[in-house]
Amino acid sequence: MAVNVKDLRKTPEGYFTSRWGLPEYTDWMDEIMSWKENCYIGDWSFVWNRRIKGPDAIKLFSDISTASFETFDIGQAKHVVNCNEDGKVLHNGILSRLSEDELMLQGRNGFWADYKLRHGNYKATLQADDLAKFQVSGPNSLHVIEKACGESIRDIQFMHFRKLRIAGLDVIALRQGMAGEVGYEIQAPIQHHRELYDAILKAGKEFGIRRLGGRAVFINHLEACFPTVIIDYIPAFMSDNMLDYFNEFKAAMRSFETVNQIAGSFEGKEINDYYKSPIELGWSNVVKFDHEFIGRMALEEETAHPKRTMRTLVWNAEDVIEVYASLYRKGQPYHFMDMPLHGHAARPAGVPMGRQGDEGRKTGGCDHIPRLQLLLSADALVVPDRH
2 MAVNVKDLRK TPEGYFTSRW GLPEYTDWMD EIMSWKENCY IGDWSFVWNR RIKGPDAIKL
62 FSDISTASFE TFDIGQAKHV VNCNEDGKVL HNGILSRLSE DELMLQGRNG FWADYKLRHG
122 NYKATLQADD LAKFQVSGPN SLHVIEKACG ESIRDIQFMH FRKLRIAGLD VIALRQGMAG
182 EVGYEIQAPI QHHRELYDAI LKAGKEFGIR RLGGRAVFIN HLEACFPTVI IDYIPAFMSD
242 NMLDYFNEFK AAMRSFETVN QIAGSFEGKE INDYYKSPIE LGWSNVVKFD HEFIGRMALE
302 EETAHPKRTM RTLVWNAEDV IEVYASLYRK GQPYHFMDMP LHGHAARPAG VPMGRQGDEG
362 RKTGGCDHIP RLQLLLSADA LVVPDRH
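Positions 2 to 388 (the numbering used here) are the ones given, in order, by the sequence shown.
Structure representation (structure tokens):
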């Protein structure tokens, strides 16, 4: 049966531990400054990878993704979003084209691609692949990678990649990032994890590189207004009509139920009330109607008549101070507002959902510079142009 909304209001017995190594290496404020002043190295090796081969590899993703594949060159990567029939987001991830009929998918949507491949008629195969993946972002990231590989990488365009050699290893350098600065993800077979990490860290020493811990890791997503599953929205496959896939997903990812939680003032009657579309999450730029895909009809209607969209809200600084001051007064304090992110990787607090005009328990996260408390909200109303 579908997930009961009341069950998602309960605090899980176990907390989700950081997948980025330690919660902090220096401290979270110093690490947040790294992508503004120098650069950081973060470990994303835990992200799932699926290698898809065959003449129908691209057709599979065209059928299940909102992105257009009219142009998809070898050496290019795309942000791909998967929806259910109602146009609500199941998963999103990064898809790279390695050769004419070979792709690499990074993200939870590998489970969905595998499911649709097995239940469809596609000439393709899908296999898991373990990769060491290190993101290097910030104004000095270009210099760090160039020193590590000993060559210029200024030819690599955004969301494109090519091969390099670092510490005698063949690696892939994908240019991407959330920090508002140049950034790269360096990928290699998982058995070279330690030597690759150490080589990048050594090359970055003179450029002030920082190691990124779990507490700071989501703040650049917050700054970029890029929503994160579980932190900002819940995946739209927990309803009765998707129970087959939901059960398969839970069996493959056993930690899912320990972190999936909702919070806030909105009281939905059904789990469907909490789902979000790519339009609401601010991803309308990757919704293209030049092909047939799951959820297209619903998204065409929503695109023509949008109701809600993603916005970054800034808290009043005095209100944030008041929340903390209440901890040191007699009486009941306000609901605790953790730093730097309420519900960071080491302690989830639940996806915030609020009624219109009701602050509820949305608390967001702290951008150390310019010292603002920010919140992503997909509940902002779209006001039609009356002119």
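Here a beta-carbon is modelled for each residue, glycine too, at the ideal position from N, C-alpha and C.
Note that this is a predicted model, so its numbers are computed, not measured.
In this structure residue 96 is not in contact with residue 83, their Cβ atoms being roughly 11 Å apart against a cut-off of 8 Å. Every alpha helix (DSSP H) of 4 residues or more that sits fully in the region 49-80 is shown, in chain order, as 58-65. Taken in chain order, the complete beta strand (DSSP E) segments of 3 residues or longer contained in the region 154-200 are 162-167, 170-176 and 184-190.
In the three-state DSSP reduction, residue 97 falls in the strand class (E or B). Annotation for residue 77: 98, 160 and 161 place their beta carbon closer than 7 Å to its own, counting only its chain and skipping 5 residues before and after. At the C-beta level, residue 139 and residue 40 come within 7 Å of one another.
Listed in chain order, the alpha helix (DSSP H) runs fully inside the region 280-313 are 297-305, counting runs of at least 4 residues. Pairing residue 106 with residue 51 gives a Cβ-Cβ distance under 7 Å. Residue range 244-253 is occupied by the alpha helix (DSSP H) that includes residue 252. In this structure, the alpha-carbon of residue 289 lies about 9 Å from that of residue 301. By the 16-neighbour rule on beta-carbons within 10 angstroms, residue 35 is buried.
At the C-beta level, residue 142 and residue 184 come within 7 Å of one another. Bounds of any beta strand (DSSP E) do not take in residue 152, whose DSSP letter is neither H nor E.
Minimum Cα-Cα distance from residue 149 among the listed residues 229, 5, 210 and 124 corresponds to 210. For residue 135, the secondary structure class from DSSP, reduced to helix, strand or coil, is strand. 7 Å or more divides the Cβ of residue 102 from the Cβ of residue 43. DSSP lists no bridge partner for residue 340.
When only Cα atoms are considered, residue 30 and residue 122 end up about 50 Å apart.
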